[in-house]
Structure formats: structure tokens, C-alpha cells
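Asker: If you want our numbering, it's the position in the sequence shown, counting the first as 1, plus 41.
Ideal Cβ positions, reconstructed from N, Cα and C, are used throughout, including at glycine.
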Amino acid sequence: MKKVLIISPYFAPSSTADMQRIRMSLPFFKDFGWEAEVVCVAEKYTDAVFDYMLIESIPTDIRIHRIGALPKRWTRKIGLGSIALRSLWFYKSYVNRLLKKEKFDLVYFSTTQFPVCILGAYWKKKFGIPYIIDVQDPWFSNYYEGKPKLKRPRKYWFSYYLDKYLEPIAMKKVDGLISVSDAYLNDLISRYPSLSDIPSATITFGYFQKDMEIAAQHKESLKIAFNNDPLLKHIVYVGRGGIDMQKAVSLLLKAFKRGLKNDKAYFKKLRFHFIGTSYAPSGTGQKTLYPIAEKLGVTRYVAEQTNRISFYESIFNLQSANALFIPGPEKAAYTASKVYPYIMTKKPILAVFNLESSAAQAIIACNAGTAADILNYKSAIKTVYVFLKAVAEENISPTNTNWMEFEQYSAKATTKKQCEILDRVLSRNKC
């Protein structure tokens, strides 16, 4: 059995998006000839929302190494809160000892905490071990360079120059790439042409049937994060907000406002709930979607909760809705891992995306919901209006998802694709 050491700073019970690929893949690595171990940061050093039910989804025979990190209460005094930077030395020290004692065939970085990926080049030089990076988001990006200061993330320039310096270190020696988007791979190859010669693949996140089972087993202890008045129709979105999501939300609420004008008796029953929209610590997040409702004068019908909720509470809230909404940005590169749990609830889904995005394509291919084109205002407004009217009038068609088509997005299917890249990298390095 080949062995892969997976580097994922956040891991269960931390309920973060970037550890979900690995969490859902762990039960299936052995099916494809790989034994996996994970090195993560111990939860007491993280600032994530915890969901201890996540541990139930991890096979008991998987070895999880939990390491330390500099406490955030110390590092925030000098403006460093990133778990990647706080744990970098601890990763280096711990994995050095591990690789001296045990044989691993590959190191696999699966995280959006990209600075830890520079250790791949170090371990390759020191131990001769190849490494793979999972590109779940862009690492270095100049997206905000021309944007007004108010629209840039906090500490933008620090992150910009740090990423600009660190990314080449990791990419110069990397042996394989996995990404959730073709566009992310293309951007990297344009910066580092040599990457076109290494194994790579676009692999979306998968869905994990066991998550639905765990949520069902614990439904009595899970909470609804919105006022679930049975006399109203509740349309729910659980996920991050942000400036790049505002156009999709604007299209949603403009179509809704038109409905209030044309058929208020029905449309006034609709309520929109945006939940867990900020990554900021609880109680400190800034609302980015509710201001659209303020601008359009429909605040009575809209609520935004910035505080994140746990993973299985997210599923429970989706299951408790009358219909689901998924916003996306205008960029085709965007891929929303949340799409698959949404589909698995079997609730009516309205997505406002670039129709070229992998998330929109999955919904369309599986006949799992309604997708409105964010780049076509007139068409999108019409599509959203028709969907909302059907929900308001209780005339929404039952979901008719093509589950055979959907199977390609299962955690087992996506793990097989990951292992194929691992095999190709290992084969190249043995030649």
C-alpha cells in the first residue's frame, strides 16, 4: 500500500470549507491503493467554528497528527493571524521528525492556507519526496490591485507581497497539481510555463452521502438559524457573502421587488435568509448582502446573519427551507463546493451564476435546479421571477435530479481522480 501524507492546517472538528475535500476522501483512499495520514493544527490553536459531529465521518483507522501553532493572542499584536504562518515552524519540525522515522511516497497539500505549501520544496530537497498542491482558490492574485481601498480585504498589501514571494517557491518544484477550476490551473501555467509538463487535473469537491445520514441522526440537537414561520415561504442561503456576491443577490431581490409590485398577495409570503456570510470572528462580521435589501427597500423580507454556523447545522438549515438560493460571482472560474449538499437536500434550488462555471454546469447537467445567467440581466430577472413566483404560489415543480449523472460528483468518484494524479506523480518520480 502506497502512503500519502496530507497537509491540511484546518481539519475536523474545525468546520472550514478547505478541509472538506480531504475529510470526504479519507474513507476511499484505500480503495485505490493509498493509505492516508493527515497533519493538521490542533483545534485549540485555530479560530474556526467547531462541529464535533464531523469526527463521526472519519474512519477510525485514519491516523491524524495534530500539531501546535503560535497562539493568535500573541501574533495578532503584530498583525499576524493566519494559521498558515502561525503553524509554519511547527509543521516543519513535526514533519521532519515524521519523515525521518517513516516512509511516505508523497506529500499532498490540500488547503487554502497556502504559505505552508512552501514546505513541499523543502521536504523534497531534504527527503527526496514529491509533493502535490490542491489549488482550491487562487493563491497569488492581483484581482484587487485596481479596486478602491474600501473594496480591498484588510491587510491587502501584506498578503499581496507575501503571496507574490511565496507562490514561486512552492510552484518551482511541485510535482503535481489538483484544482477545482481549469481557470486556476491556466493562471498558474501562464505564470510558470514549466507546470504544463507535470500531472494536473481539475477535480471538483465531491458529495458525501454519510453527511446526510449524520445530520438526520442528530436533527434533534441541531438548531435553525432563522425564524421558520410556517405561514411564510423561506428561501435560504448558507455560505459566505462578500462584494463579489452582491450582483447575484441584487438580481434576486430586484426580481422579488418586481413580484411585490405585480402580485403582492403571493410574493409578500417570501422571506430570504443569508446565513454565515462572514469569516470574521463571531459578532464582528460586516453585513455585505443585507445592504442590497436596504437599497431596494425590501428589508422587511430579508435577514443576514454574519456569524457562521456548524457544518451539520448548515445542512439542517437547508433541509428546513422551502427553497434554496446559491449566489455566485461573475467569474467563470468560481466553483462552489456547497452546491452538492444543496442538491442532496432535494429542495428546489435557484442559482445565479456565470453559466460557464463548474457549479452551474453541475446543476444543469444533473437537472438539479434552476440556473440564472448572472451575465444576462434581462434573462436572469425573468428566470428568478418565475422561480420565486412558483415558490410563493406553492406551484414549484418537484426536483427531478438525474442521480446517475450526479454520481460522478460523489466523494468516491472524486477520490479516484485524486489517486490517479497521485499515481501519475509517483510513477514519474520513479522513472
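Hey, which unbroken runs of the beta strand (DSSP E) at 3 residues or more fall wholly within the stretch 326-397?
Answerer: Correct list: 343-346, 364-368 and 390-394.
Asker: Starting from W444 and walking both ways along the alpha helix (DSSP H), at which residues does that stretch end?
Answerer: W444 -> alpha helix (DSSP H) spans W444 to F447.
Asker: For K43, list the residues DSSP reports as bridge partners.
Answerer: For K43, which the question treats as bridged, DSSP gives the partners W75.
Asker: Between A224 and K372, is the Cβ-Cβ spacing less than 9 Å?
Answerer: Going by C-beta atoms, A224 is nearer than 9 Å to K372.
Asker: Kindly indicate which three-state DSSP category T455 falls into: helix, strand or coil?
Answerer: T455 falls in the helix class under three-state DSSP.
Asker: I'd like to check one pair, F70 with T455: are the Cβ atoms closer than 9 Å?
Answerer: Contact: no.
Asker: Since R312 and K274 should fall inside the 8 Å C-beta cutoff, what is the C-beta to C-beta distance between them, to a whole number of angstroms?
Answerer: Contact flag correct, Cβ pair sits at about 7 Å.
Asker: Could you give the C-beta distance for L293 and V136, rounded to a whole number, given that I count them as a contact under 8 Å?
Answerer: Incorrect: roughly 46 Å between the Cβ atoms, too far for contact.
Asker: Do G109 and V82 have their C-beta atoms closer together than 9 Å?
Answerer: Yes, the Cβ-Cβ distance between G109 and V82 is below 9 Å.
Asker: How many Å lie between L337 and I103 at the Cα?
Answerer: Answer to the nearest angstrom: the Cα atoms are 51 Å apart.
Asker: To the nearest whole angstrom, what separates the beta carbons of Y149 and Y450, a pair I think is in contact under 8 Å?
Answerer: Not really, about 20 Å apart at Cβ, beyond 8 Å.
Asker: If you drop the 5 nearest sequence neighbours on each side, which residues of the same chain put their C-beta closer than 6 Å to that of F73?
Answerer: If we look at F73 and ignore the five residues flanking it on each side, its Cβ neighbours are K457 and C460.
Asker: My output table needs one value for F473: the three-state DSSP class, helix, strand or coil.
Answerer: This structure leaves residue 473 out entirely; the chain is present only between 42 and 472.
Asker: I need the DSSP call for D59, collapsed to helix, strand or coil.
Answerer: Of the three classes helix, strand and coil, the one that applies to D59 here is helix, per DSSP.
Asker: So for I48, helix, strand or coil by DSSP?
Answerer: I48: strand per DSSP, three-state reduction.
Asker: Does the contact criterion of 3 or more C-beta pairs under 8 Å hold for the stretch 308-324 versus the stretch 344-358?
Answerer: At 8 Å Cβ cutoff, the stretches touch.
Asker: Alpha carbon to alpha carbon, what distance is there between D414 and R299?
Answerer: Going from the Cα of R299 to the Cα of D414 covers about 18 Å.
Asker: So for R281, helix, strand or coil by DSSP?
Answerer: Residue state, collapsed to three classes: coil.
Asker: Can you give me the Cβ contacts of P100 inside the same chain, cut-off strictly under 7 Å, excluding the 5 residues immediately before and after it?
Answerer: Only L67 and P68 meet the Cβ criterion.
Asker: Below 8 Å, can you find three or more Cβ-Cβ pairs linking the stretch 347-357 to the stretch 250-270?
Answerer: Enough Cβ pairs lie closer than 8 Å, so yes.
Asker: Would you check if there are 3 or more beta carbon pairs closer than 8 Å linking the stretch 401-409 to the stretch 372-392?
Answerer: With a cut-off of 8 Å, the stretch 372-392 and the stretch 401-409 count as touching, because enough Cβ pairs lie within range.
Asker: Which term fits Y29, buried or exposed, when burial requires 16 or more other beta carbons within 10 angstroms of its beta carbon?
Answerer: Past the edges of the chain, shown from 42 to 472, lies residue 29, and the structure says nothing about it.
Asker: Please classify T325: is it buried, with 16 or more other beta-carbons within 10 angstroms of its beta-carbon, or exposed?
Answerer: Flag for T325 reads exposed.
Asker: On the DSSP bridge assignment, give the partners of C81 in chain order.
Answerer: Note: C81 sits in a beta bridge opposite R107.
Asker: For D252, does the three-state DSSP call read helix, strand or coil?
Answerer: Note: D252 maps to helix in three-state DSSP.
Asker: If the criterion is Cβ atoms closer than 9 Å, does the pair V432 and N358 meet it?
Answerer: Result no, Cβ atoms of V432 and N358 do not sit closer than 9 Å.
Asker: Determine, using beta carbons only, whether D304 and K430 come nearer to each other than 9 Å.
Answerer: Contact: yes.
Asker: Going by C-alpha to C-alpha distance, which of L229, M94, L147 and S291 sits closest to A257?
Answerer: When each option's Cα is compared against that of A257, the closest is M94.
Asker: Using the C-alpha atoms, what's the distance from D204 back to W198?
Answerer: A caution first: W198 carries a pLDDT of 49, below 50, which makes its placement in the model too unreliable to give a value.
Asker: Any idea if A125 is buried or exposed, counting beta-carbon neighbours within 10 angstroms, 16 or more meaning buried?
Answerer: It counts as buried.
Asker: Less than 9 Å separating the beta-carbons of L218 and A242?
Answerer: In contact: L218 and A242 (Cβ atoms closer than 9 Å).
Asker: Spatial neighbours of M510 within its chain, please: CB distance less than 6 Å, with the 5 preceding and 5 following residues excluded, ordered by chain position.
Answerer: No answer is possible for residue 510: the residues shown for the chain start at 42 and end at 472.
Asker: Spell out the partners DSSP gives Y172 in its beta bridges.
Answerer: Paired residues: V148.
Asker: Take the Cβ of S319 as the centre, count every other Cβ of all protein chains shown within 10 Å, and call the residue buried at 16 or more, exposed below.
Answerer: Buried, since its Cβ has 16 or more Cβ neighbours within 10 Å.
Asker: When DSSP labels each residue in this structure, what does A412 get in the three-state scheme?
Answerer: Correct three-state label for A412: strand.
Asker: Just to confirm, is the Cβ distance from L147 to K44 under 9 Å?
Answerer: For L147 and K44, yes; Cβs fall inside 9 Å.
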